[in-house]
Ligand SMILES: Nc1nc2c([nH]c(=O)n2[C@@H]2O[C@H](COP(=O)(O)OP(=O)(O)OP(=O)(O)O)[C@@H](O)[C@H]2O)c(=O)[nH]1
Ligand SMILES: [Mg+2]
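Structure representation (structure tokens):
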């Protein structure tokens, strides 16, 4: 006779609740948040509007229906932002989160829920359910992440000036080929320039150097990442990491980095020996972590749509990317 003990409230095989939610933008770049009614799961916390998929519905269909039911708006353009799994003590969820770029109608809390428009960088000041941390990070991140790399201080400065002129909003200063003194000079040149231009700057260097230089955070090499078991800098500093396989991504998630860069997706001139992952492997690995992940390696700005459909936050790039990114 099989053992007839009742199943515990939550088992590893409990069904996963499929949920679609929207990070809705207005024309000024603000984001809509709503307060969950007190009696619901994770009640009294702020959320991104949305809800459970009905049988037979896709996430995109559920999103449109939920936004009509909860806010009385019609989503006209939405792109995947981040997909993640989260286990609460009493329920397992998969959140499929979309960036809603365009909608018709005026949002109102049709179920009596308070709603607010907030700037992306204000999101960390609100209390959200635990699953939302990577969503908030994703909502604050751009879809292009430029990596400044190459040799020669003078050439790098010129490249940086060009990069700033393209309107890029986040840069990693890598410049591996520079000696320490030249790297320090480049940092001194870059920090005030990025600050003036409203560009988020991450240094690919020791975390203490990033902290003391006036940069916004650190970008960890895979080697630095693997040597850590906790974030080297607390928020509001940003911590990002380079990853090349599923184990490194998992480690990045455990350490609590804000986002990762996974490479190489395609063959690339900067790492000719490295075996490209291809989009299928990229998507599979990204799906296993609750982290925003940029795709890197042989990509051009035109690849950003494909990258997002494959679960990426967007694309990162060094050389070809920068030239292609420049709108002029
Ligand atoms: N909508 C939404 N749900 C979230 C977020 N974060 C998060 O953990 N969840 C969880 O996802 C699940 C589904 O949310 P929901 O309560 O909105 O579902 P629903 O609109 O279909 O509500 P209903 O049960 O009244 O039909 C809940 O367990 C909720 O706690 C979020 O940002 N937005
Ligand atoms: Mg809901």
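Numbering (UniProt numbering), first residue to last: 1 to 328. Just so you know, even glycine gets a beta-carbon here, dropped at the ideal spot from N, CA and C.
C-beta atoms of residue 131 and residue 100 nearer than 8 Å
Here the question's residue 131 lines up with position 131 in the chain shown. Here the question's residue 100 lines up with position 100 in the chain shown. Not closer than 8 Å, so no.
Return the chain-ordered list of same chain residues with a C-beta closer than 6 Å to the C-beta of residue 268, the five sequence neighbours on each side being excluded.
Translated into positions along the chain shown, residue 268 becomes position 268. The answer, listed in chain order, is 297 and 298.
Note down the Cα distance separating residue 211 from residue 271, rounded to an integer number of angstroms.
Here residue 211 is taken as the residue at index 211 of the chain shown, counted from 1. Here residue 271 is taken as the residue at index 271 of the chain shown, counted from 1. When rounded, the distance between both Cα atoms is 29 Å.
Would the beta-carbon of residue 180 fall within 8 Å of that of residue 148?
Locating residue 180 in the chain shown gives position 180, counting from the first residue. Locating residue 148 in the chain shown gives position 148, counting from the first residue. It is not a contact, given that the beta carbons lie outside the stated cut-off.
Would you say the beta carbon of residue 131 is closer than 7 Å to some non-hydrogen atom of ligand 1?
As a first step, residue 131 must be located in the chain shown, where it is residue number 131. Checking every heavy atom of ligand 1 against the Cβ of residue 131, one is found closer than 7 Å.
Rounded straight-line distance, which links the Cα of residue 278 to that of residue 52
By one-based count along the chain shown, residue 52 stands at place 52. By one-based count along the chain shown, residue 278 stands at place 278. Cα to Cα, the separation comes out at about 32 Å.
Simplified DSSP state of residue 292, which is helix, strand or coil
For the purposes of this step, residue 292 is taken as residue 292 along the chain shown, with counting starting at 1. The answer is coil: DSSP assigns residue 292 none of H, G, I, E or B.
Specify, as a first and last residue, the run of the alpha helix (DSSP H) that residue 251 falls within.
Position 251 of the chain shown, counting from 1, holds the residue named residue 251. Start and end: 246 to 255.
Please find out if some non-hydrogen atom of ligand 1 comes closer than 7 Å to the beta-carbon of residue 50.
Within the chain shown, numbered from 1, the residue matching residue 50 stands at position 50. Flag set: Cβ of residue 50 near ligand 1.
Quick check on residue 80: does DSSP put it in helix, strand or coil?
Taking the chain shown and counting its residues from 1, one reaches residue 80 at position 80. Strand at residue 80.
Pull the bridge partners of residue 199 from the DSSP assignment, please.
For this step, residue 199 is matched to residue 199 along the chain shown. Note: residue 199 sits in no beta bridge, so no partner.
Answer yes or no: the CB of residue 25 versus the heavy atoms of ligand 1, is any distance below 7 Å?
Working through the chain shown from its first residue, we reach residue 25 at position 25. Checking the Cβ of residue 25 against ligand 1 gives no.
By Cβ distance, which residues of its chain are closer than 8 Å to residue 16, with the 5 residues on each side in sequence left out?
Locating residue 16 in the chain shown gives position 16, where the first residue counts as 1. So the list reads 85, 92, 93 and 94, once near-sequence residues are dropped.
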